[in-house]
Structures are given as C-alpha cells and as structure tokens.
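Enquirer: Dropping a structure here in structure tokens format, bear with me for questions.
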Amino acid sequence: MAENATAFREGNHPGYEETAWKGLEMSLDVLAERGIKVVINGGSLNPAGLARQVQELAAQKNLPLRVAYVSGDDLMSALGPDLASLKDKLPPHLDSVNTDIKIHTPVLSFKSWASVPLVSANAYLGARAIVQGLRHGADIIICGRVADASPVIGAAWYWHGWTDTDYDRLAGSLIAGHLIECSAYVTGGNFAGFTEYAPQVFVEPGFPVRVSGIRGAPPPPTTKVAIFYQGGFQSQILVNSTGYGTAQKYALLETQLRKKLKESKIDQMIDLLEFQIVGIPEANPRSQLASTTYCRIFAEAKTAESLMGLLLSFSDISLQHFSGFHAALDMRTAIPKPFLAMYPALYPQDSLHESVTFLDGTGTLQRHTMDAGHPPVYERLEQRENYDTASPTPLETFGPTQRLRLGTVALARSGDKGSNLNVGFFVQTPRAFAWLRTFLSSARMKQLMGEDWIEEEYFLERVEFPGILAVHFVVYGILGRGVSSSSRLDALGKAFADFVRDRVVDVPVCLVKGQEKL
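Take the sequence shown: its letters are residues 1 to 518, numbered as in full-length UniProt numbering.
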C-alpha cells in the first residue's frame, strides 16, 4: 500500500489493486447469477474508488448487486502529514509493551529528524464493518487495510450468525482466515522436508490441512497501525570474485573504498554501509561459476547525491581492483532509489471510526454510511512468555551422538513480521521433541546464529508448543526497520530457518539412521 501512496495522491495510481478490479470484472456475472457474496481487501488505499467502479459496471450490466466499502483504516489525517510534528503524541511502538526488548536504533532514528514526511498510516481493522455490511444486504464489500484474516472472519461471523462474544468461534475463523491468506504456504510450500518426497508432489503442493482445538478471548484495547515514511535512499553495488584468496580480495576492496569515501568526506553523509560476502568458492571447482562469490556493498543515505558519491568513489578505484575482479554489466542496483521505512505502532481501538458505506445503483452517490461500533469488551494482553524448557531431559540419556546438521532431525520455517523474525523448529516424535526442547535453548540459539547474533541490538524470545512438537523463537530487531528498508539480503527472513538447520551439532544417534525417520 505504502509503495503506491504517493502516486495515488498525485493522481498517477488508482489507489486500489488492479488485480482486484480485474478479478471482480471477470466474475461479476457469475457472482450475480449464483448469489455469491464477496469480501475483498483489494481496495487498498482507495476502497471507495474500487467500489464505485464495480457498482458502475454492475449498473451497466443491469446486475442487481449492492456494493459497499469499508473505511476507517486511513489515519493520515490523525498522524500526518509530518511525524516530527507529533512529538510526544507519537503512538507507542508495537513492541514497546515488552520492556525486555531493545527497539533497534535505526527504528527510532527518525525522532531526531527535523522533518519526517508521512507516506501512509493505516490501522489494521477487524471484521465489524464487514459484518454490518453483509447483514444489511451488501453483495460485494471492498476493504482497504484490514487484518489478513478479517474478510474470512466477517464472512463466517455473518453466515453463522455469531455474536460479539462467541470468542472460540471467532478465533476459529481467524485461524482459518490466516491459513487461507497464506495459501500454498499452508499446503506444502516452503516446506523444509520436501527432499523426503517425490519432486512432482511439490510442483503444485496441495496437502490437506486440519486444525482443531482453537480457543478465543476478547480483543485487546489496541490494534496495529503501519506508519510509513520516506527513509532516504538505498543502493547496492554487486562485485564478484573468483578463486583463491576471496576473503583477502574483498577485504582489500573494502579498505580501498572506505579510504576514498573518507578522503572525499562522503563517508560522513552515508548512514549505513555494509560489505556483505555471499557464498564461498567451491574447492577444486567444476566451473568458473562454482568458484565465484559475491560482495554486496549495501548503503543507505538521506540523499541520492550521497550514494552517487559512493558510486563515483567505486569508479575511481575500478582499475586498482584485486585479481579476478568482475561484475555484471547491469549496474541498475547501484543507482540510488528512494526507500520506505516503517514504524509499527499501537493505536487505541476506541479511537478508530470504522464504518461501511453503501453505494446507490449508479455508484456515483453514497446511499448511507453505517458505523461499525467497537467491541463490547477488551482484554489487555499479558506479558509475552519467554522461557527455556521447564522439564529438560539430560542430554546424555539420549546416548552417543554424531556431528550432523541440525536439519537432519529438525524441520523448520521462518519469516518476517516488521522488524522481527520468527522461526519455529519442529520434529515428528515425542522422543525427538524431548531432545529438541532441551538442546535448543535460548543460549544455544544465539550460538547457532553465529555472527548474525548482535547481543547489544537484538532480543531473543523463546516458547514451546508441545502439541505440535515445536520450539519457537522471535528474533527482535534483526530486520532493522522492516522488509522495505532491511539491509539483509534475506529481507523477508524466509531462508533463516534453513541457515540454522544447516549448522552442525551433536545429534543423538538414536534419532537418526532410520530409527526415527524425520
């Protein structure tokens, strides 16, 4: 949404997702014929605009469809146009309720800026307006920013006639909504154990899913609001090395470039400069590519001119390079581009003005707007749990061990959530879980992260899910200011689990070699 916000305000983007419009355009006749109701969050920044377009098309086709849209998520008028003007009224950071967490320094750096132009600010709405719309006859409801599961919650809430306090049922629809939204991620995509199955199974993975035992509770008094602002400019210069002395070659490159930047004082204008080494050359390589690695020079600065200075300095040393220096001829990533930074915040639910608006038959006039109200009861969230196992099993009781990759016995998956990264490890037998929950402590996890763990900047949270034989971690701060501004090559955190599974550890022999196939 934030990526299109400026273009939308300048009249260069419709504000809604084109794929949402195309999907509705192609299916409108079928929806009317079969009486299918649709709730879609493709309205993005302009749900009213998409609703009008759909209603106008329905009128042209003489289809008796009532179209409505949800509003109340856009908080630009409340928080903008400049974050700096909010001062002490800036909403608290999403993770601020946990006093153990160190909010990563770059996340709060904008507080010292003289001006912080806001790009977008959208609260994550629930399903109340959706339910109101469906109960009052809407056939198609267009949403902007709602929680990922809200369309499914709203549809199920309406269909089954639940009340505000049917928490277990509502929680079930929330889980269903998240599973539907995750699509193939739930049915086999991103599955670490795919090598244990025939390859064709994962060409279009569609394994069935069953989830049960879900319990609910009243909602918290706050919701999340995603605040995006102009973070500055980014660029990355990609350099290749082949063969021997790779570490020394890249070290020489870094020394040369930093010297040039210091001489020109450009180093004082660059906020972030990282030299990231990607890969190691294969021993006795089969080909030149097998012997080739990357150095990713990643930089951020307030101005594009500063990063153009970086590129110029790089050009100045172009003929002083190490032996075997080369790079792709396409240098587009080295050209500075603006990037968005995110500040995830907490916002009082009672301060939201969520509503649903019905359009008339032509889509040009609003028929009426209905307020969605607020939940009747809130329940403040408790402190998040964080613990090592309460019932460790002495590791020596598992017998002899062998140096193997952790992934030999444990599956895992990982991903992003704002500045943070989630990773869960799971096994398939109670015996293996007894070992995993004992072995994979918080201290061990930090050790396995190796150079990626920065004690003074990150915070690690650990919990267990014995029902699914899993140990779960949240690494707070590792993604910086979030996906759109993270310096990590794996900005979405999807490969982090595979990295940790690749670490060699002492694995009990009883858990491998066919005795417990994982």
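Glycine included, C-beta positions come from ideal geometry on N, C-alpha and C.
Please report the straight-line C-alpha distance between H321 and A334, rounded to a whole angstrom.
Expert: Cα-Cα distance, rounded: 18 Å.
Enquirer: Taking contact to mean at least 3 C-beta pairs separated by less than 8 Å, is the segment 408 to 428 in contact with the segment 492 to 502?
Expert: Result yes; three or more Cβ-Cβ pairs closer than 8 Å.
Enquirer: When you compare each of R66, S71, G231 to K111 by their alpha carbons, which one comes out closest?
Expert: Residue G231 is the option with its Cα nearest to K111.
Enquirer: Would you say the segment 36 to 50 touches the segment 77 to 89, given that touching needs at least three Cβ pairs under 8 Å?
Expert: The answer is no - the segment 77 to 89 does not touch the segment 36 to 50, with fewer than three Cβ pairs under 8 Å.
Enquirer: For G279, I'd like the list of residues in its chain whose CB is within less than 7 Å of its CB, leaving aside the five on either flank, ordered along the chain.
Expert: Only T293, Y294 meet the Cβ criterion.
Enquirer: Within 8 Å (strictly less), CB to CB, does V225 reach chain C?
Expert: Looking for chain C here will not work: only one protein chain is present.
Enquirer: Can you tell me whether DSSP reads Q236 as helix, strand or coil?
Expert: It is a strand residue.
Enquirer: Does the contact criterion of 3 or more C-beta pairs under 8 Å hold for the segment 439 to 451 versus the segment 118 to 131?
Expert: With the cut-off at 8 Å, the segment 439 to 451 and the segment 118 to 131 do not touch.
Enquirer: Measuring alpha carbon to alpha carbon, tell me which residue in V471, A345, A251, T397 is nearest V97.
Expert: Closest by alpha carbon: A345.
Enquirer: Cβ of K102 within 8 Å of Cβ of F459?
Expert: Yes; because the gap between Cβ atoms is below 8 Å, this pair is in contact.
Enquirer: Give the secondary structure of D360 by DSSP, where H, G and I count as helix, E and B as strand, and everything else as coil.
Expert: Looking at D360 - three-state DSSP - the assignment turns out to be coil, as it is neither helix nor strand.
Enquirer: Could you tell me the boundaries of the beta strand (DSSP E) in which S442 lies?
Expert: It is not in any beta strand (DSSP E) - S442 instead sits in the alpha helix (DSSP H) that spans 442 to 449.
Enquirer: By the DSSP assignment, the alpha helix (DSSP H) with N4 in it spans what residues?
Expert: Element bounds for N4: 2 to 9.
Enquirer: Compute the distance between the beta-carbons of H472 and G424, then report whether it is under 8 Å.
Expert: Cβ distance < 8 Å, so H472 and G424 count as in contact.
Enquirer: Quick one: measure Cβ to Cβ for I180 and V203, integer angstroms, because I've assumed they're closer than 8 Å.
Expert: About 21 Å separates the two Cβ atoms, so there is no contact after all.
Enquirer: Can you grab the Cα-Cα spacing for the pair L24 / W453, in whole Å?
Expert: Cα to Cα, the separation comes out at about 46 Å.
Enquirer: Please confirm whether any heavy atom of the ligand FAD lies closer than 7 Å to the CB of K111.
Expert: No copy of the ligand FAD occurs in the structure displayed, which carries no ligand at all.
Enquirer: Under 8 Å by Cβ, that's how I've got S313 and S264 pegged, so tell me the actual separation to the nearest angstrom.
Expert: So it is a contact: roughly 6 Å between Cβ atoms.
Enquirer: Would you tell me roughly how many angstroms separate the C-alpha atoms of Q349 and H13, rounded to the nearest one?
Expert: Going by the C-alpha atoms only, they are around 30 Å apart.
Enquirer: Does the pairing of the segment 163 to 172 with the segment 44 to 64 give three or more beta-carbon distances under 8 Å?
Expert: Contact between the segment 163 to 172 and the segment 44 to 64 is absent, because fewer than three Cβ pairs lie under 8 Å.
Enquirer: Please list, in chain order, all residues of the same chain as D267 whose beta carbon is under 8 Å from its beta carbon, the five residues on each side excluded.
Expert: For D267, where only same-chain residues beyond five positions count, the Cβ hits under 8 Å are R258, L261, L273.
Enquirer: Let me make sure I understand the geometry here. Which of H160, L469, R66, R488 has the alpha-carbon closest to that of Q428?
Expert: The residue with the shortest Cα to Cα distance from Q428 is L469.
Enquirer: Grab the span of the alpha helix (DSSP H) containing M26 for me, first residue to last.
Expert: Segment 18 to 34, the alpha helix (DSSP H) holding M26.
Enquirer: In whole angstroms, what is the alpha-carbon distance linking S484 and P394?
Expert: One C-alpha to the other measures close to 43 Å.
Enquirer: So, helix, strand or coil for S318, using DSSP?
Expert: S318 falls in the coil class under three-state DSSP.
Enquirer: Is the CB-CB distance between F277 and Y250 below 8 Å?
Expert: Note that residue 277 corresponds to Ile in the displayed sequence, not to Phe. Contact flag set, yes.
Enquirer: Alpha carbon to alpha carbon, how far is V500 from P400? Give it in angstroms, no decimals.
Expert: Computed Cα separation, rounded: 22 Å.
Enquirer: Ignore the nearest five residues each way along the sequence and tell me which others in R488's own chain have a CB closer than 8 Å to its CB.
Expert: Correct list, in chain order: I478, L479, G480.
Enquirer: Quick check on this structure: which residue in Q256, L65, A434, Q60 has the alpha carbon closest to the alpha carbon of E33?
Expert: Checking every option, the nearest Cα to that of E33 belongs to L65.
Enquirer: Considering only DSSP beta bridges, list what N422 is partnered with.
Expert: N422 pairs with G415, V474.
Enquirer: Here's the rule I'm using: 16 or more other beta-carbon atoms within 10 Å means buried, otherwise exposed. How should Q60 be labelled?
Expert: Classification for Q60: exposed.
Enquirer: Whole angstroms is fine: what's the gap from S241's alpha carbon to I317's?
Expert: Rounded to whole angstroms, S241 to I317 spans 16 Å at the Cα level.
Enquirer: Would you tell me roughly how many angstroms separate the C-alpha atoms of A68 and F8, rounded to the nearest one?
Expert: Approximately 21 Å, taken between the alpha carbons.
Enquirer: Going by beta-carbon coordinates alone, are F228 and V119 separated by less than 8 Å?
Expert: Cβ atoms of F228 and V119: closer than 8 Å.
Enquirer: Mapping the DSSP letters down to three states, classify A341 as helix, strand or coil.
Expert: In this structure, A341 counts as strand in the three-state DSSP scheme.
Enquirer: Kindly indicate which three-state DSSP category G49 falls into: helix, strand or coil?
Expert: Of the three classes helix, strand and coil, the one that applies to G49 here is helix, per DSSP.
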